[in-house]
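**Student:** Each step along the sequence shown adds one to the number in full-length UniProt numbering, with nothing skipped, and position 157 is 157.
Heads up, the beta-carbon is just placed ideally off N, CA and C, and yes, glycines get one too.
No experiment lies behind these values; they were computed from the predicted model shown.
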Amino acid sequence: MKPLEDVVQYVARLQKLFSELNDELEKLANVRLPDLLLMSRILSTLPQEYFEFKSVWESVPVSDRSVNLLVERLRLIEMRLPEKTNSSSVVFAVKADVKKERNKKRGRKCFNCHQNEHFAKSCPMRQNGNKEQENSVWTLVDLPAGKRVVDTRWVFCVKTKVDGTVAKYKARLVAKGYVQRPGIDYSETFSPVARFDTVRTILSVGAVEKLKFQQFDVKTAFLYGTLEEEVYVRQPEGFEDGTDRVCRLNRSLYGLKQSPRCWNKRLVEFMKKKGMKQSTADPCLFIRQGRKSKLMVVVYVDDGILAGSDTCEMELFLAEMEKEFRITKGPLDSFLGIGIKVLQDGSIFVGQEMYTHWRENETASEANTQLHSWRNSGASGVPKGDWSLATVT
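1) Hey, how far is the Cα of E101 from the Cα of N250?
2) Note down the Cα distance separating V350 from G337, rounded to an integer number of angstroms.
3) Please state whether DSSP places D303 in a helix, a strand or coil.
4) Buried or exposed: which applies to S19, given that a residue is buried once 16 or more other Cβ atoms fall within 10 Å of its Cβ?
5) Which first and last residues belong to the alpha helix (DSSP H) in which Y355 is found?
6) So what's Q115 in DSSP terms, helix, strand or just coil?
7) Considering only C-alpha positions, which residue in the set L295, D151, G242 is nearest to Y209?
8) Report buried or exposed for I202, applying the criterion of at least 16 other Cβ atoms within 10 angstroms of its Cβ.
9) How would you write the range of the beta strand (DSSP E) that R172 sits in, first residue to last?
10) Going by DSSP, which residues form a beta bridge with M296?
11) Can you tell me whether DSSP reads Y254 as helix, strand or coil?
12) Using CA atoms only, rank isn't needed, just tell me which of E315, F216, Y300, R181 is closest to E229.
13) Nearest by alpha-carbon distance to V71: which of Q344, T226, W57 is it?
14) From the DSSP output, read off the bridge partner residues of C247.
15) Would you say the region 188-207 touches the region 273-283, given that touching needs at least three Cβ pairs under 8 Å?
16) In the DSSP assignment, the beta strand (DSSP E) including G330 goes from what residue to what residue?
17) Could you tell me whether the Cβ atoms of residue 474 and F222 are closer together than 8 Å?
18) Given a threshold of 16 other Cβ atoms within 10 Å of its Cβ, counted over all protein chains shown, does A171 qualify as buried or as exposed?
19) How would you call G242, buried or exposed, if buried means at least 16 neighbouring beta carbons within 10 angstroms?
20) Going straight from the alpha carbon of K176 to that of A207, what length do you get?
21) For F317, which option in K292, Q344, K273 has the closest C-alpha, if you only look at C-alpha atoms?
22) Using the beta-carbon count (16 or more within 10 Å), is V166 buried or exposed?
23) Mind checking R261: buried by the 16 CB within 10 Å criterion, or exposed?
24) What does the alpha-carbon distance come out to for the pair V268 and V298?
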């Protein structure tokens, strides 16, 4: 048995070695040793079915590793698996992630252009890239020493109408914001969205006061937000200039933690400049009350409903928005997946026909359950379709 003094000295040497090793790791990889130990512990306790995920994790640069990123990767894989999983299904999901990463490095094709050359002029990917350049979202610079680069990727999706038909194909450049560090790459991130109570109230007031309705959608809304922090991203796939330069963001980009807040601040600034008063009950409701007219705007991120008593004033407001942002506008027929019908007598009907059909297919039951259908009623001017009979009057 060693004397107590020897044990104390031994522990002190270990603590000093631990501290030196921690400082060295912070200099090399900007990763704290406790985080490395925790990530190692998580990987060592994973079930045997996740053995291939460990090799995938090893491909992640040490400087980009974090506990949050590890948990997010595991959560995404778990979400893709059925409720009752076996070893083969887990391995299949991991292999799918590996294949996806390999295809991305090879230069995958946009599914909208599967019959054409990659990045054709009609490809939404190229169109979206042009929008970023038009808005002066970034400036190509050499990466300063000590700065971290955020990777980007293209995300493709199909936007549908309320009846389920294809409205347009979208390609969006998204930053991998999960590698951003709080306090360095971003600070505040909160951004409000309109409450559904507010949307229903606008429709109710409009039905009572016989207001006119319009809707608008701001294209690439996040690209209008002014970025306060210093953030660098890699050059987008398909738009590289052949150098090692990176993009210093001048404006917010989809995927960044602070982008929703940047866009909301820009929108509020525009609304106040046009004489709109922000509601204290809902920060996404803006009202302008005149002697003979009323104008109300409710916004959910980049989708908005415009209600007013004067059609000319509404058109003038939308024209002012078009000078500031790229928007699409039209009569109100849907909002956030909810179908809306405004009749000539001022009555308003809302419904979710597409969602109803989707739920019907998802929970297809062979039981012959008797349900009352209003699909073919059409009585008293009620629109045909799965519309709610709770008329807003």
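**Tutor:** Let me lay it out:
1) Any reading at E101 must be qualified, since the residue scores a pLDDT of 42, below 50, and its modelled position is unreliable; the value itself is stated next. Rounded to the nearest angstrom, the two C-alpha atoms are 28 Å apart.
2) The alpha-carbon atoms of V350 and G337 are separated by roughly 11 Å.
3) Collapsing the DSSP output to three states places D303 in a strand.
4) The residue in question, S19, is exposed, as its Cβ has fewer than 16 Cβ neighbours within 10 Å.
5) Taken as a continuous stretch (DSSP letters only), the alpha helix (DSSP H) holding Y355 covers 353-362.
6) Confidence at Q115 is low in this model, with a pLDDT of 37, below 50, so its placement is unreliable and the value that follows should be read with caution. When secondary structure is reduced to three states using DSSP, Q115 falls in the coil class, being assigned neither helix nor strand.
7) The displayed chain sequence assigns Glu, not Tyr, to residue 209. Out of L295, D151, G242, L295 has the C-alpha closest to the C-alpha of E209.
8) The residue in question, I202, is buried, as its Cβ has 16 or more Cβ neighbours within 10 Å.
9) Element bounds for R172: 166-175.
10) Partner residues in the beta bridge of M296, as assigned by DSSP, are I287, A307.
11) In the structure shown, Y254 sits in coil (DSSP, three-state: anything other than H, G, I, E or B).
12) For the set E315, F216, Y300, R181, the Cα lying nearest the Cα of E229 is the one of R181.
13) Checked all of Q344, T226, W57; the closest Cα to V71 is W57.
14) C247 has L140, V233 as its beta-bridge partners, per DSSP.
15) Counting Cβ pairs under 8 Å, three or more are found: they touch.
16) Element bounds for G330: 327-331.
17) Only positions 1 to 393 of the chain appear in the structure, and residue 474 is not among them; the question remains open.
18) Around the beta carbon of A171, a 10 Å sphere encloses 16 or more other beta carbons of the protein chains shown; the residue is thus reported as buried.
19) Exposed, because fewer than 16 other Cβ atoms sit within 10 Å of the Cβ of G242.
20) Approximately 44 Å, taken between the alpha carbons.
21) Nearest of K292, Q344, K273 to F317, Cα basis: K273.
22) When all chains shown are included, V166 counts as exposed.
23) Buried.
24) Straight-line Cα distance between these residues: approximately 12 Å.
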